[in-house]
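S.K.: Structure below; questions to follow.
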Amino acid sequence: MSDDKRAVPEDVSCDKATIKMLHVAQDRGEETIFDRAVKMKQCNIGTEGICCKVCSQGPCRLPLTKAIKEGTEPDNRKGLCGATPETVVARNLIRQIAAGCASHSDHGRGVVETFRAMAYGEAKDYTIKDEIKLREVAGFFGVATTVKQGDDETPRDKWEIAREVADLALGQWGQQQGELIYLKRAPQATYDRWTKTGVKPRGIDREVVEIMHRTHMGVDQDYRNLLKQGARCSLGNGWAGSMMATDIQDIMFGTPYPNTGTINLGVLSHNKVNIIVHGHDPLLSEMIVAAVHTPDMIEYAKGVGAEGYLVAGMCCTANEILVRHGMPIAGDYLQQELAVVTGAVEAMVVDVQCVMENLANISECYHTKFITTMPIAKCFSGKNTVHIEFEEHHALDVAKKIVKEAADNFKNRDQSKVCIPSETNRMVVGFSTEAIKYHLGGTFRGSFVPLNDNIINGRIRGICGVVGCNNARAEHDEVHLALIKELIRNDVIVLTTGCSAMACGKAGLLTPEAAAVYAGPGLAEVCETVGIPPVLHMGSCLDNSRILTAATEVVKAGGLGKELADLPAAGAAPGWMSEKAVGIGQYFVTSGVYVMLGIPLAIYGSPVVVKHLEEDMEELYGGRWDYDPDPVSGARKILAHIDAKRKALGIDQARERVLMDMADRQKIEAA
Ligand code: MSK
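Each number in our numbering comes from the position in the sequence shown (counting from 1) with 442 added on.
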């Protein structure tokens, strides 16, 4: 770290393009999040979760002193009202869960509203791209897909089905009683556990609102009861809000199947109008992709002297258009300011979530138009900031307006400031649950059985979902890569989404060839036979629900236990930063998954709450939280967890056989 309080690029990232662009930004005197992370220290009280701000008599701060920690002083910490550290920490944590779940599920609501408008003929620019998925999803809602005509069953009209599905799906947000329909998609034993522990959500919105009520001053003062509501709310997001959003997006835009793509800042073009679509919601970005391919927009680009358009994604909007259209990814969350620093971006078009406010400031140093598009996500600052509101009933018209705004800005590009790094990487992406099934068994025999067989015989040791953000407090990309490389080296197949998937793409882990270089012998053999990478890109952070459905398929395929908690599987978020990640982590834990974090939850000010999350939750839900700042050590804890699950299933011996190399076999033969 340098004395003038700027980040040392080589210390904060392992990605070459990021390092180069950070040097460029610093040479130009432009500040990025990497520098701000050096300048601004984190608050110790906040990081431990022991600051209570729920009434105006505080904030009350309850620091965990060394003497309390060591037991030489009694723990008499209390807020003005008497709130204990347990209550304060649990309240803060479940408020994060509520915010995270609300974000993903509100995104989901928008998708379902547009789907409904489409089904009723009010959003004519959208259509049904995957009718097979529509009919499958109709089955989950109990909507008939055939109609009886005499003795015959004939397929029902797809638009009729879509209308019924849309009405039922939308009702899940406001449902007040009973339980959410999609919970039944979980393995029966997992569902039974939720019944027993009383965490089945009634409605998506209701559980979020109830968290806000319970955490108001003077309501719920039992940390176990508070955390239970956090668990309930998380299921409403993971198994309903997010899962329905993924399903409906697949119906409207197509279910992803393996596809190739390119990643990193080097994808930007010197000769084309560069448009970056950033955020999470594919409703607009799908239309921008469609708009740039229309003859009038192609002509428009020529008219401004450009060779066409380059639409590249950023954050999870990138994952959405990548998996369905093969559109390139410019970068992840931490690279958003650096994309503008290339001086070659005509428009940074944002929808919702993970958009840094500093984009407004950094855009002012260049010609870049910072275009906000959602009524719930405007930006006040910056002379280059423009708001062009998205409206689903005229989606293509809005997209064309944005494309024109970008094209008109092409002439303002200052060539003396253009600096596009050369780094790009090829990758294979788009492994939806359906695609994995197809890959393993083909069109007629699509099945997870071959995966289970290879887990049982020990070629594959286990499965790990590695997901989540990059965080400016940890080394960019490296925390993901170190953990993932350790896992695949030890024959654990990795399912990845979000910015973690992007780190893998940039490092070349998302190609089938990566198996020979990085995977252990068992996993490498399976990857080579089936033709898949050792790390499977499953989509955006919303698509973590795909990991739940894939894990459910593994349980259904048999031989690996009855509930998700039985599987030799784990989850990890080595560099998480957003509240959405807390919501996601909790839905995995509540579903029975061991979750390893590389950045701590704000809970360590209450050892009692820590014990509940890291130990007691396993008894309740079968899954638990864990934390290790060292990614390799974190990976080893995941391996130990997977081995314990293998032992409980009685398949640990098979694993030992596969691990024997030639020398081991020769020893046995000699004996
Ligand atoms: S974009 S939530 S930084 S994964 Fe989904 Fe990346 Fe995390 Fe945003």
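We put the CB at the ideal spot given by N, CA and C, even for glycine.
How many whole angstroms separate the CB atoms of I930 and I1093, which I take to be in contact at a CB cut-off of 8 angstroms?
M.R.: Taking the first residue of the sequence shown as position 1, residue 930 is located at position 488. Taking the first residue of the sequence shown as position 1, residue 1093 is located at position 651. I930 to I1093, Cβ: 20 angstroms. No contact.
S.K.: Beta strand (DSSP E) containing N534: first to last residue?
M.R.: Residue mapping note: residue 534 aligns to position 92 of the sequence shown, counting from 1. Run containing N534: none in the beta strand (DSSP E); it sits in the alpha helix (DSSP H), 527-561.
S.K.: What is the residue span of the alpha helix (DSSP H) that A565 lies within?
M.R.: For this step, residue 565 is matched to residue 123 along the sequence shown. Segment: none, A565 is in no alpha helix (DSSP H) and carries neither H nor E.
S.K.: Is P1049 helix, strand or coil when you go by DSSP?
M.R.: For the purposes of this step, residue 1049 is identified with residue 607 of the sequence shown, where counting begins at 1. Here P1049 sits in helix by DSSP.
S.K.: Count Cβ pairs between the segment 693-711 and the segment 736-743 that sit closer than 8 angstroms; are there 3 or more?
M.R.: Contact fails: fewer than three Cβ-Cβ distances are below 8 angstroms.
S.K.: Any heavy atom of the ligand MSK closer than 6 angstroms to the beta-carbon of C911?
M.R.: Here the question's residue 911 lines up with position 469 in the sequence shown. It does: the Cβ of C911 is within 6 angstroms (strictly closer) of some heavy atom of the ligand MSK.
S.K.: Using beta-carbon positions only, say whether L522 and Q499 come within less than 7 angstroms of one another.
M.R.: Walking along the sequence shown from the start, residue 522 turns up at place 80. Walking along the sequence shown from the start, residue 499 turns up at place 57. Yes; because the gap between Cβ atoms is below 7 angstroms, this pair is in contact.
S.K.: For G750, which residues from the same chain have a beta carbon less than 7 angstroms from its beta carbon, with the 5 sequence-adjacent residues on both sides left out?
M.R.: If you number the sequence shown from 1, residue 750 lands on position 308. Excluding residues within five positions, the ones whose Cβ falls inside 7 angstroms are K714, I740, A743.
S.K.: If contact is defined by three or more beta carbon pairs under 8 angstroms, each pair taking one atom from either stretch, is the segment 859-869 in contact with the segment 1045-1063?
M.R.: No, because fewer than three Cβ pairs between the segment 1045-1063 and the segment 859-869 fall closer than 8 angstroms, the two stretches do not touch.
S.K.: Could you tell me whether the Cβ atoms of M944 and F873 are closer together than 7 angstroms?
M.R.: The residue you call residue 944 lines up with position 502 of the sequence shown. The residue you call residue 873 lines up with position 431 of the sequence shown. No.
S.K.: Let me check one thing: in DSSP terms, what residues is K638 bridge-paired to?
M.R.: Within the sequence shown, residue 638 is the residue found at index 196, counting from 1. Answer is none; K638 lacks a bridge partner.
S.K.: Tell me whether C821 sits in a helix, a strand or coil according to DSSP, three-state version.
M.R.: As a first step, residue 821 must be located in the sequence shown, where it is residue number 379. DSSP places C821 in coil when its eight states are reduced to three.
S.K.: Out of I1084, K458, R666, which one is the CA nearest neighbour of V936?
M.R.: As a first step, residue 936 is located in the sequence shown; it is residue number 494 there, counting from the start. Ranking the options by Cα distance to V936, first place goes to I1084.
S.K.: Can you find the residues in the same chain that come closer than 7 angstroms, C-beta to C-beta, to G950, ignoring five residues on each side of it along the sequence?
M.R.: Numbered from its first residue, the sequence shown carries residue 950 at position 508. Around G950: N867, A956.
S.K.: Thinking just about the alpha-carbon of each residue, which of V860, D593, R577 is nearest to the one in T587?
M.R.: By one-based count along the sequence shown, residue 587 stands at place 145. It is R577.
S.K.: Got a sec, what are the start and stop residues for the alpha helix (DSSP H) W1067 sits in?
M.R.: Translated into the one-based positions of the sequence shown, residue 1067 becomes position 625. Taken as a continuous stretch (DSSP letters only), W1067 belongs to no alpha helix (DSSP H), being part of the beta strand (DSSP E) at 1067-1069.
S.K.: Could you tell me the alpha carbon to alpha carbon distance between V792 and N761, rounded to whole angstroms?
M.R.: The residue labelled residue 792 in the question sits at position 350 within the sequence shown. The residue labelled residue 761 in the question sits at position 319 within the sequence shown. Their backbone Cα atoms lie some 14 angstroms apart in a straight line.
S.K.: Which runs of the beta strand (DSSP E) fall wholly inside the segment 778-819 and span at least 3 residues, in chain order?
M.R.: Qualifying beta strand (DSSP E) stretches, in chain order: 789-792, 811-814.
S.K.: Closest to A992 by C-alpha separation, out of L1006, S982, L984, G1001, would be which residue?
M.R.: The residue given as residue 992 occupies position 550 in the sequence shown. For the residues L1006, S982, L984, G1001, the minimum Cα distance to A992 belongs to L1006.
S.K.: Between the segment 627-636 and the segment 650-664, do three or more beta carbon pairs fall short of 8 angstroms?
M.R.: Too few Cβ pairs lie closer than 8 angstroms, so no.
S.K.: Give every residue of the same chain whose Cβ lies closer than 8 angstroms to the Cβ of G708, excluding the five residues on either side of it in the sequence, and list them in chain order.
M.R.: The residue labelled residue 708 in the question sits at position 266 within the sequence shown. Cβ neighbours of G708 beyond the five flanking positions: A459, I862, P863, S864, E865, T866.
S.K.: Just to confirm, does K1022 get its C-beta within under 6 angstroms of one of the non-hydrogen atoms of the ligand MSK?
M.R.: Position 580 of the sequence shown, counting from 1, holds the residue named residue 1022. At least one heavy atom of the ligand MSK is nearer than 6 angstroms to the Cβ of K1022, so yes.
S.K.: Have a look at G947 and I705 and give me their C-alpha separation to the nearest angstrom.
M.R.: Locating residue 947 in the sequence shown gives position 505, counting from the first residue. Locating residue 705 in the sequence shown gives position 263, counting from the first residue. Going by the C-alpha atoms only, they are around 7 angstroms apart.
S.K.: Which of the three DSSP states is assigned to A924 in this structure?
M.R.: Stepping through the sequence shown from its first residue, residue 924 is reached at position 482. Helix.
S.K.: Is A754 closer than 7 angstroms to A772 when the C-beta atoms are compared?
M.R.: The count along the sequence shown starts at 1 and reaches residue 772 at position 330. The count along the sequence shown starts at 1 and reaches residue 754 at position 312. Yes, Cβ-Cβ distance for A772 and A754 is below 7 angstroms.
S.K.: Once DSSP output is grouped into helix, strand and coil, what is the label at K590?
M.R.: Residue numbering aside, residue 590 sits at position 148 when the sequence shown is read from its first letter. If DSSP states are grouped into helix, strand and coil, K590 belongs with the strands.
S.K.: At a threshold of 6 angstroms, does G940 count as lining the ligand MSK (C-beta to nearest heavy atom)?
M.R.: Sequence index remark: in the sequence shown, residue 940 carries index 498 (1-based). It does: the Cβ of G940 is within 6 angstroms (strictly closer) of some heavy atom of the ligand MSK.
S.K.: Please list, in chain order, all residues of the same chain as T875 whose beta carbon is under 7 angstroms from its beta carbon, the five residues on each side excluded.
M.R.: Here residue 875 refers to the residue found at position 433 when the sequence shown is read from its first residue. Only R988, T991, A992, E995 meet the Cβ criterion.
S.K.: Comparing alpha-carbon positions, which option in I690, Y1069, W681, F582 lies nearest T632?
M.R.: Taking the sequence shown and counting its residues from 1, one reaches residue 632 at position 190. If we check each option's Cα against that of T632, W681 comes out closest.
S.K.: Based on the DSSP secondary-structure assignment, which residues constitute the bridge partners of R868?
M.R.: For the purposes of this step, residue 868 is taken as the residue at position 426 of the sequence shown. Looking at the DSSP assignment, R868 forms a beta bridge with T704.
S.K.: Just to confirm the assignment: which complete alpha helix (DSSP H) runs, minimum length 4, are found wholly within the segment 945-1006?
M.R.: Complete alpha helix (DSSP H) runs here, min 4: 956-960, 963-972, 986-999.
S.K.: Would you check if there are 3 or more beta carbon pairs closer than 8 angstroms linking the segment 612-621 to the segment 480-494?
M.R.: At 8 angstroms Cβ cutoff, the stretches do not touch.
S.K.: May I ask whether a heavy atom of the ligand MSK can be found less than 6 angstroms away from the beta carbon of Y1029?
M.R.: The residue labelled residue 1029 in the question sits at position 587 within the sequence shown. Result no, Cβ not under 6 angstroms from the ligand MSK.
S.K.: Sorry if obvious, but does the Cβ on Y775 come closer than 6 angstroms to a heavy atom of the ligand MSK?
M.R.: Position 333 of the sequence shown holds residue 775. Yes.
S.K.: Does the ligand MSK have a heavy atom nearer than 6 angstroms to the CB of C796?
M.R.: In the sequence shown, counting from the first residue as 1, residue 796 sits at position 354. Correct: C796 has its Cβ closer than 6 angstroms to the ligand MSK.
S.K.: Under a three-way DSSP split, which group does I830 fall into?
M.R.: Counting from one through the sequence shown, the residue named residue 830 turns up at place 388. DSSP places I830 in coil when its eight states are reduced to three.
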